[in-house]
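Its first residue numbered 1, the sequence shown is counted upward by one per residue in this note's numbering.
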Amino acid sequence: MEPSVIASENTGIPATPIDPELEQMMKAGVHLGHAKTKDHPSMKRHIFGVRNTISVIDLLQTKEALAKAKDFVSGIVSRGGLVLMVGTRPAARAPILDVATKTNMPYFIERWIGGTLTNYKVIGKRVEYMMQLEHDKKSGAFEKYTKKERMGKDEELARLQKFFDGLRPMKRLPDAVFIVDTTYDDTAVNEAKRMKVPIVALCDTNANAAAISNPIPSNDDALPAVRYMIREIGAAIEQGLKEKQAAAEQAPPAAPPQVQ
1 MEPSVIASEN
11 TGIPATPIDP
21 ELEQMMKAGV
31 HLGHAKTKDH
41 PSMKRHIFGV
51 RNTISVIDLL
61 QTKEALAKAK
71 DFVSGIVSRG
81 GLVLMVGTRP
91 AARAPILDVA
101 TKTNMPYFIE
111 RWIGGTLTNY
121 KVIGKRVEYM
131 MQLEHDKKSG
141 AFEKYTKKER
151 MGKDEELARL
161 QKFFDGLRPM
171 KRLPDAVFIV
181 DTTYDDTAVN
191 EAKRMKVPIV
201 ALCDTNANAA
211 AISNPIPSND
221 DALPAVRYMI
231 REIGAAIEQG
241 LKEKQAAAEQ
251 APPAAPPQVQ
């Protein structure tokens, strides 16, 4: 495959982007990987070169992989599917929360809770309990407790909301999982694979891309790069929602029930 950009002499780093999308990726630092010594074998074919011991990702491959991932995501959403968005590192939390809130997709931005996918029935009950506590507090049901008991209920509710607030839309296993950092959130990767849930993920040069259904070669540490990629996946989700709405509007009205 031809390199995605023209390289500066003896640097191995992209120098002249050939289209606006590649230029945006470069400005965001999407191409900057980890030190060459940390390269994962599965990522070698996605590496363009090395600059000052840092592996540089081939942005043409990134562009192609991103387009494929976006088509996959929008297709799932257009059919009414759910995409669980996972970004528990600080750089990913705010962008993930923003996209998930706008699109009503489930998300996880705190420490991954083991069993979120592999033991979802139990996790689902915790979410239901959280929502029941919220209802009880709003309705005034907490007033029957002593001050100390109310404080305990409030603290319990706060803990549940911290970890499970983003799972409200997830009444079942998701149809796909989007993970920002597969090395950091490896438990989420393992659970998704075990439950056969397709994974869309950013794969930095130290990541095991072979474990991911739809890997996107990309820096997964720098805020500009992470924000750029999350925004692109968010755009795919929004496109899927538009297609879903359009299909619903074009569907013929249901036939009235037959009178016996």
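All C-beta atoms, glycine included, are put in the ideal place defined by N, C-alpha and C.
Under 9 Å between C-beta atoms of residue i and residue j
| i | j | result |
| --- | --- | --- |
| residue 38 | residue 219 | no |
| residue 240 | residue 102 | no |
| residue 59 | residue 26 | yes |
| residue 217 | residue 65 | yes |
| residue 81 | residue 176 | yes |
| residue 145 | residue 153 | yes |
| residue 224 | residue 29 | yes |
| residue 61 | residue 45 | yes |
| residue 88 | residue 109 | yes |
| residue 124 | residue 196 | no |
| residue 133 | residue 160 | yes |
| residue 243 | residue 127 | no |
Given residue i as reference, the closest of the options once Cα atoms are compared
| i | options | result |
| --- | --- | --- |
| residue 74 | 237, 246, 244 and 252 | 237 |
| residue 174 | 53, 107 and 28 | 107 |
| residue 55 | 114, 203, 197 and 160 | 203 |
| residue 84 | 199, 252, 57 and 247 | 199 |
| residue 111 | 162, 252, 140 and 128 | 162 |
| residue 35 | 119, 193, 50 and 19 | 50 |
| residue 229 | 69, 19, 52 and 40 | 69 |
| residue 232 | 128, 71 and 250 | 71 |
| residue 185 | 113, 33 and 43 | 113 |
Residue i CB to nearest heavy atom of the ligand SAM below 8 Å
| i | result |
| --- | --- |
| residue 192 | The ligand SAM is not part of this structure, which contains no ligands at all. |
Per DSSP, cross-strand counterpart(s) of residue i
| i | result |
| --- | --- |
| residue 51 | 54 |
| residue 253 | According to DSSP, which records beta bridges pairwise, residue 253 is partnered with nothing at all. |
| residue 215 | 201 |
| residue 108 | 86 |
| residue 35 | 54 |
First and last residue of the uninterrupted beta strand (DSSP E) at residue i
| i | result |
| --- | --- |
| residue 30 | No beta strand (DSSP E) contains residue 30, which DSSP labels as neither H nor E. |
| residue 86 | 83-86 |
| residue 178 | 176-179 |
Host alpha helix (DSSP H) of residue i (start-end)
| i | result |
| --- | --- |
| residue 19 | Residue 19 -> no alpha helix (DSSP H), and no H or E assigned at all. |
| residue 59 | 59-78 |
| residue 160 | 147-164 |
| residue 184 | From DSSP, residue 184 is part of no alpha helix (DSSP H); its letter is neither H nor E. |
| residue 135 | 120-139 |
Below 8 Å, can you find three or more Cβ-Cβ pairs linking the segment 211-224 to the segment 172-192? These segments touch.
Does the segment 80-94 come into contact with the segment 162-182, if we say contact requires no fewer than three beta-carbon pairs (one atom in each stretch) closer than 8 Å? Yes, the segment 80-94 touches the segment 162-182.
Just checking, does the segment 96-116 make contact with the segment 153-171 on the three C-beta pairs under 8 Å criterion? Note that the segment 96-116 touches the segment 153-171; at least 3 beta-carbon pairs, one per stretch, sit closer than 8 Å.
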